[in-house]
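Participant: Residue numbers (the UniProt record's numbering): 1 to 267. Beta carbons: idealized from backbone N, C-alpha and C, even for Gly. Small disclaimer: the values here were computed from a predicted structure and weren't measured. This is the structure, below, for whatever I ask next.
Written out as structure tokens, the structure is:
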């Protein structure tokens, strides 16, 4: 409708020009009008190109490797169990989850697996981090980053990798259900239930195989490949990561103990 109104206005303008101007003047005015239309089109093209360039710059800025030197230096030993999460907390000004998440997820190829960009992953991590209560001494984004680090460390161990690969079935649904189940597994009211299930279905059968000199890798894989047992391993994985700080270097363990004591007393 707006285009029709504009066309009518242009027609009226043409008639006005023709009725009040000589032939050379009409040609000159029409030439000016054509240049104006061309300039408007060029301006629109320039604006579009600038918008695309800005979007590209944002994408590049959000890349995983675009991090401050101090943060990069702090994460140099990220694959070590002795990694100091509190140094990363200070270097990132209380935003360790975003930077550590990008580093670890890049190592595991998460963007390729989920078919998403690094910018999308970064935004997702930022949303999660912003929704943690920074006022909590213990249960804040630093604790989340610490659990992420421990989980990644465990996942790199060969026995854990063998028990969880490959992911079969509908990968998205498998991943979603696994995440929900593992988060619920950190609920301490069911702690001993999970421990007993793990011991009965995995620890004892594996121990029995080790006592039997005739056991084979196929027997071990037979136990670890059962879907229910794989889920138990994932639960124990996240549970161990969730309460792993007493196993960290002493200075880190002491700081975690101070923080959780402060949070409990504040409650």
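Find the nearest neighbour of residue 233 within the set 85, 196, 118 and 263, judged by alpha-carbon distance.
Facilitator: With distances taken between Cα atoms, residue 233 lies closest to 196.
Participant: If distances are taken between C-alpha atoms only, which option among 73, 83, 226 and 77 comes closest to residue 253?
Facilitator: When each option's Cα is compared against that of residue 253, the closest is 83.
Participant: State the start and end residues of the unbroken alpha helix (DSSP H) segment that holds residue 253.
Facilitator: Counting along the chain, the alpha helix (DSSP H) containing residue 253 begins and ends at 250 to 266.
Participant: Does the separation of the CB atoms of residue 102 and residue 145 fall below 8 Å?
Facilitator: In this structure, residue 145 does not lie closer than 8 Å to residue 102 by Cβ.
Participant: When the Cα of residue 95 is compared with those of 142, 115 and 225, which residue comes out closest?
Facilitator: Nearest C-alpha to residue 95: 142.
Participant: Mapping the DSSP letters down to three states, classify residue 246 as helix, strand or coil.
Facilitator: Helix at residue 246.
Participant: With a floor of 4 residues, list each alpha helix (DSSP H) that falls wholly inside the UniProt domain "PDEase" (63 to 162), ordered by position along the chain.
Facilitator: Those alpha helix (DSSP H) runs which fall completely within the UniProt domain "PDEase" (63 to 162) and span 4+ residues are 69 to 74, 85 to 91, 96 to 107, 110 to 114, 118 to 130 and 141 to 155.
Participant: Return the CA-CA distance between residue 248 and residue 231, expressed in angstroms with no decimal places.
Facilitator: So the alpha carbons of these two residues sit roughly 26 Å apart.
Participant: Between which residues of its own chain and residue 246 is the CB-CB distance below 6 Å, once the five residues before and five after are set aside?
Facilitator: Same-chain partners within the cutoff: 253.
Participant: Can you tell me which of the three DSSP states residue 226 falls into?
Facilitator: Here residue 226 sits in coil by DSSP.
Participant: Considering only residues of the same chain and omitting the five flanking positions on each side of residue 70, which have a CB-CB separation below 8 Å?
Facilitator: These residues qualify, in order along the chain: 91.
Participant: With a 10 Å radius around its C-beta and 16 neighbouring C-beta atoms as the bar for buried, classify residue 93 as buried or exposed.
Facilitator: Result: exposed.
Participant: Would you mind working out which of 136, 106, 135 and 137 sits nearest residue 125, comparing C-alpha positions?
Facilitator: Checking every option, the nearest Cα to that of residue 125 belongs to 106.
Participant: Classify residue 241 as buried or exposed, calling it buried when 16 or more other Cβ atoms lie within 10 Å of its own Cβ.
Facilitator: Flag for residue 241 reads buried.
Participant: Given this structure, state the Cα-to-Cα distance separating residue 236 from residue 194, to the nearest angstrom.
Facilitator: If I take the Cα positions, the gap works out to 8 Å.
Participant: Can residue 224 be considered in contact with the ligand MN, in the sense that its beta carbon sits closer than 7 Å to one or more heavy atoms?
Facilitator: Inclusion of the ligand MN in the displayed structure is not the case, the ligand content being empty and no account of it being possible.
Participant: Mark residue 244 as exposed unless 16 or more other C-beta atoms lie within 10 angstroms of its C-beta, in which case mark it buried.
Facilitator: Buried is the call here.
Participant: Out of curiosity, what's the CA-to-CA distance linking residue 206 and residue 223?
Facilitator: The alpha-carbon atoms of residue 206 and residue 223 are separated by roughly 8 Å.
Participant: Using DSSP with H/G/I as helix, E/B as strand and the rest coil, what is residue 187?
Facilitator: In this structure, residue 187 counts as coil in the three-state DSSP scheme.
Participant: If you measure between the beta carbons of residue 251 and residue 137, is that distance less than 8 Å?
Facilitator: Taking 8 Å as the Cβ cut-off, residue 251 and residue 137 do not qualify as a contacting pair.
Participant: Taking DSSP as the reference, what is the three-state secondary structure of residue 196?
Facilitator: Three-state result, residue 196: helix.
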